[in-house]
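> Residue 79 is where the sequence shown starts when you use the UniProt record's numbering, and the numbers rise one by one after that. Cβ atoms here follow ideal geometry from the backbone N, Cα and C, with glycine treated the same way. Remember, it's a predicted structure, so these values are computed and weren't measured experimentally. There's a structure below that I have some questions on.
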Amino acid sequence: LGRHKDDSRPAYFDYNGVRFGQDTLNVFAGLCAVDSAEHVEIMLRALRDNGQVCTRMGAYKPRTSPYAFQGHGKNCLPYVFELAGKYGIKVIAMEITHESHLHEIGEALHQTGNPTGVMLQIGTRNTQNFELLKIVGRQQRFPVLLKRGFGITLDESLNAAEYLASEGNRNVVFGLRGMKTNMGDPHRNLVDFAHVPVVKRLTRMPVCVDPSHSVGTRAASPDGILDIMHVTAQGVLAGANMVLVDFHPAPPQALVDGPQALLLKELPHFLEDVQVAREAY
Ligand code: PEP
79 LGRHKDDSRP
89 AYFDYNGVRF
99 GQDTLNVFAG
109 LCAVDSAEHV
119 EIMLRALRDN
129 GQVCTRMGAY
139 KPRTSPYAFQ
149 GHGKNCLPYV
159 FELAGKYGIK
169 VIAMEITHES
179 HLHEIGEALH
189 QTGNPTGVML
199 QIGTRNTQNF
209 ELLKIVGRQQ
219 RFPVLLKRGF
229 GITLDESLNA
239 AEYLASEGNR
249 NVVFGLRGMK
259 TNMGDPHRNL
269 VDFAHVPVVK
279 RLTRMPVCVD
289 PSHSVGTRAA
299 SPDGILDIMH
309 VTAQGVLAGA
319 NMVLVDFHPA
329 PPQALVDGPQ
339 ALLLKELPHF
349 LEDVQVAREA
359 Y
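Now the structure itself:
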């Protein structure tokens, strides 16, 4: 996936009618974790009404505490894929943490028969889970969103991406989602979107920014603008090719990360902001 002077391969790939490249921009707004079919439907309808064809839907959630909600797993896949087909969603970013999830997703897609595609997400906690990377790299059915590891060097995370490519899957998007520091940051993670151009310079991968997991709160500046909105614009202005962002129809009812979710009424404004930032890029 690294850039070489003599390499003329294009810096993009097409998947299920959507192009992912270093010159494109796709927004993946959606639920951090699927909690109910009702919320999935409200979310997807809002996306359709706002012209969106991509989303994020967490079924398998890697949680810090074993007592926290772990996601509905394969039980929610039939209605997620069914509803995605109903609302014209072409690509769903969905984290997997184990090989079995890959098979469950493939099986559920087959059962529902809808033309929805899935981008497999490898989360920051699994960036260096090399066996999982090899398994995901060996299949070419699904593209991959690899999140940067939150406590390792950029070079180590880029090597993790090479594990996918070296096994055969080059359809990889690299995700920036903030870094852990011990400096008492006001955000959940130190926003690292200044590295968007760095990753684009060093590699051929499209770069995703995740403002929700970077900022982790709905904190706003005195002008009333949410920090999540500010850093999204910063990421897009830096050249991001994908934005992964949490929304929820009723954040107090969300089972994961409700406090960082944007409200559905904020979706049009969010998309407009992204567009303005993109035009300014
Ligand atoms: C997520 O996107 O749902 C997530 C858990 O992200 P990360 O792996 O970046 O923490």
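So what's residue 126 in DSSP terms, helix, strand or just coil?
In the structure shown, residue 126 sits in a helix (DSSP, three-state: H, G or I).
> Looking at residue 225 and ligand 1, is the gap between the Cβ and the nearest heavy atom below 8 Å?
Within the cutoff, so yes.
> Could you tell me the distance, in whole angstroms, from the CA atom of residue 342 to the CA atom of residue 335?
Taking the straight line from one Cα to the other gives about 15 Å.
> Would DSSP call residue 360 helix, strand or coil?
Past the boundaries of the shown model lies residue 360; the chain is included only from 79 to 359, so the question cannot be answered.
> Report back the beta-carbon spacing between residue 215 and residue 244 to the nearest angstrom; my notes put them in contact at under 8 Å.
Confirmed, about 7 Å.
> In chain order, which continuous runs of the beta strand (DSSP E) of length 3 or greater are located wholly inside the segment 262–288?
Listed in chain order, the complete beta strand (DSSP E) runs (minimum 3 residues) inside the segment 262–288 are 285–287.
> Which term fits residue 357, buried or exposed, when burial requires 16 or more other beta carbons within 10 angstroms of its beta carbon?
Flag for residue 357 reads exposed.
> Would you kindly work out how many angstroms separate the C-alpha atoms of residue 180 and residue 301, rounded to a whole number?
Roughly 44 Å separates the two Cα atoms.
> According to DSSP, is residue 228 part of a helix, a strand, or is it coil?
Coil at residue 228, not helix or strand.
> Are the Cβ atoms of residue 222 and residue 247 separated by less than 9 Å?
Their beta carbons are under 9 Å apart, which means residue 222 touches residue 247 by this criterion.
> Which full runs of the alpha helix (DSSP H) of 4+ residues lie inside the segment 132–181, going along the chain?
155–164, all fully within the segment 132–181.
> With DSSP as the reference, label residue 92 as helix, strand or coil.
In the structure shown, residue 92 sits in a strand (DSSP, three-state: E or B).
> Residues bridged to residue 324 by DSSP?
Residue 324 is bridged to 108.
> Quick check on residue 334: does DSSP put it in helix, strand or coil?
Coil, per DSSP.
> Taking the alpha-carbon of residue 284 as reference, which of 159, 344 and 90 has the nearest alpha-carbon?
When only C-alpha atoms are compared, the closest one is 90.
> Give the range of the beta strand (DSSP E) segment to which residue 252 is assigned.
Taken as a continuous stretch (DSSP letters only), the beta strand (DSSP E) holding residue 252 covers 250–254.
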